[in-house]
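Going by my numbering, the sequence shown opens with residue 687, and the numbers climb by one from there.
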Amino acid sequence: MTEDRDGLFASGHAAPGSFRFDAKVARVFDDMIRRSVPGYAATVAMSGWLAARFAQPGTACCDLGCSLGATLLACAEALREAGLDDVNLIGVDNSAAMLDRCRNRLEPELGHNGPTLMEADVREVALPPSSVVILNWTLQFLPPADRAPLLARIHAALLPGGALILSEKIIDSDPEAQQLAERLHADFKRTQGYSDLEIAAKRSAIEDVLIPETLAAQKERLLEVGFRPVLLWYRNLNFASLLALKP
Ligand code: GEK
Numbered sequence: 687m688t689e690d691r692d693g694l695f696a697s698g699h700a701a702p703g704s705f706r707f708d709a710k711v712a713r714v715f716d717d718m719i720r721r722s723v724p725g726y727a728a729t730v731a732m733s734g735w736l737a738a739r740f741a742q743p744g745t746a747c748c749d750l751g752c753s754l755g756a757t758l759l760a761c762a763e764a765l766r767e768a769g770l771d772d773v774n775l776i777g778v779d780n781s782a783a784m785l786d787r788c789r790n791r792l793e794p795e796l797g798h799n800g801p802t803l804m805e806a807d808v809r810e811v812a813l814p815p816s817s818v819v820i821l822n823w824t825l826q827f828l829p830p831a832d833r834a835p836l837l838a839r840i841h842a843a844l845l846p847g848g849a850l851i852l853s854e855k856i857i858d859s860d861p862e863a864q865q866l867a868e869r870l871h872a873d874f875k876r877t878q879g880y881s882d883l884e885i886a887a888k889r890s891a892i893e894d895v896l897i898p899e900t901l902a903a904q905k906e907r908l909l910e911v912g913f914r915p916v917l918l919w920y921r922n923l924n925f926a927s928l929l930a931l932k933p
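Structure follows, in structure tokens:
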């Protein structure tokens, strides 16, 4: 399947808060996320590696907000290498357009024994007993009030010794450091070929759609829900990834 280059905001126009995971975004998503999230490829690869370290035979490994299945693919490869063939890989996303493309991408790679894909809202889907749950850049799209309840349901679904991998865009609690991170992120996007107009239009489109929080708020909420310990295992500019264990 060929992925298109992201030029969705090339006109420089976007209504504030208009960003949706529709067919247009799904078509260019692979290119968009790689050129927008510094450390995307590393985070995806390490998510697979971490998943294989915490996966328990005969349990589920769920990727919530799986988009085009990049992390599912990394998990499938890492689990196979670790000889964990009986871990049930599950991908959940509420965008039909994303899941269609995800299915088309995974089937040629993994055949019909690949992950079970479910079109559902992560806030409502029933989670099976799991040893690993991955939330890579998905929590940030939920209304803040819905985040703790979802994390509590994930905690309840995880088996003792299970792991949550949580990647998010973050804001720095120090305004000066935040400004610096924003400036460097815009520089990163420019280096990836986005114009200033595109960067500004995308920023407007995701306003109030993607709501980032501080690292401290993320960690505190995970601890409150019952995860322990919570480890920051990766940070690249204003993007961070946490590993939170269910004791
Ligand atoms: C990756 N993890 O490539 N229920 C289900 N899915 C949702 C919901 C919801 N309530 N809200 C948003 N999504 C992926 C990247 S992208 C991140 C994740 C980004 C889905 C949405 O449809 C989209 O596919 C995904 O979460 C977020 O590693 O675009 O920055």
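Glycine residues also receive a C-beta, built at the ideal position from the N, C-alpha and C atoms.
Residue burial classification, Asp860 (beta-carbon count within 10 angstroms, cutoff 16) = Stepping through the sequence shown from its first residue, residue 860 is reached at position 174. Exposed, because fewer than 16 other Cβ atoms sit within 10 Å of the Cβ of Asp860.
key: Per-residue burial, Thr877 [other beta carbons within 10 Å of its own, 16 or more giving buried]   = Within the sequence shown, the letter at position 191 stands for residue 877. So Thr877 ends up on the exposed side.
ask   = Taking 7 Å as the cut-off, is the CB of Phe707 close to at least one heavy atom of the ligand GEK?
value = For the purposes of this step, residue 707 is identified with residue 21 of the sequence shown, where counting begins at 1. Phe707 Cβ: within cutoff of the ligand GEK.
ask   = If you draw a straight line from the C-alpha of Asp832 to the C-alpha of Ala709, how long is it?
value = Position 146 of the sequence shown, counting from 1, holds the residue named residue 832. Position 23 of the sequence shown, counting from 1, holds the residue named residue 709. Whole-angstrom Cα-Cα distance: 25 Å.
request  = Verify the contact flag: Asn922, CB atom, against every heavy atom of the ligand GEK, threshold strictly below 7 Å.
outcome  = Here residue 922 is taken as the residue at index 236 of the sequence shown, counted from 1. False, no ligand heavy atom lies under 7 Å from that Cβ.
key: Segment limits, beta strand (DSSP E) that includes Ile776   = Translated into the one-based positions of the sequence shown, residue 776 becomes position 90. Residues Asn774 to Asp779.
query = If you drop the 5 nearest sequence neighbours on each side, which residues of the same chain put their C-beta closer than 7 Å to that of Asn922?
reply = Mapped onto the sequence shown, residue 922 falls at position 236. Pro724 and Gly725.
ask   = What beta strand (DSSP E) runs, 3 residues minimum, are completely inside the stretch 772-832?
value = 774-779, 802-805 and 816-822
ask   = Relative to the alpha-carbon of Leu850, which residue among Ala731, Ala741, Arg713 and Arg766 has its alpha-carbon at the smallest distance?
value = By 1-based counting over the sequence shown, the position of residue 850 is 164. When each option's Cα is compared against that of Leu850, the closest is Ala741.
Proximity to Ser816 [Cα-Cα], best of Gln865, Ile892 and Asp749 = Your numbering for residue 816 matches position 130 in the sequence shown. Nearest C-alpha to Ser816: Asp749.
ask   = Got a sec? Which residues, its chain only, sit under 7 Å from Leu785 by beta carbon, not counting five neighbours each side?
value = Counted from its first residue, the sequence shown places residue 785 at position 99. Around Leu785: Asp779, Leu803 and Glu805.
inquiry  = Given this structure, state the Cα-to-Cα distance separating Ala660 from Arg720, to the nearest angstrom.
reply    = Summary: the structure shown does not reach residue 660, with the chain confined to residues 687 through 933, and so no result is reported for it.
query = Who are the near neighbours of Leu758 in its chain, counting only those whose CB is closer than 8 Å to its CB and skipping five residues on each side?
reply = Within the sequence shown, residue 758 is the residue found at index 72, counting from 1. So the qualifying residues of the chain are Asp749, Cys752, Leu775, Gly777, Cys788, Leu792, Gly800 and Pro801.
key: Nearest-residue set for the ligand GEK, Cβ under 5 Å from any heavy atom   = Phe707, Gly751, Ser753, Ala756, Thr757, Asp779, Asn780, Ser781, Met784, Asp807, Val808, Asn822, Trp823, Thr824 and Phe827
ask   = Mind pulling the beta strand (DSSP E) runs of 3 or more residues that sit fully within the stretch 898-923?
value = 916-922
task = Over the uninterrupted alpha helix (DSSP H) stretch that includes Asp882, give me the two end residues.
result = On the sequence shown, residue 882 is found 196 positions in, with the first residue counted as 1. Looking at the DSSP string, the run of the alpha helix (DSSP H) that includes Asp882 is Asp882 to Ala891.
Three-state class that DSSP yields for Phe874 in the structure shown = The residue you call residue 874 lines up with position 188 of the sequence shown. Three-state DSSP puts Phe874 in a helix.
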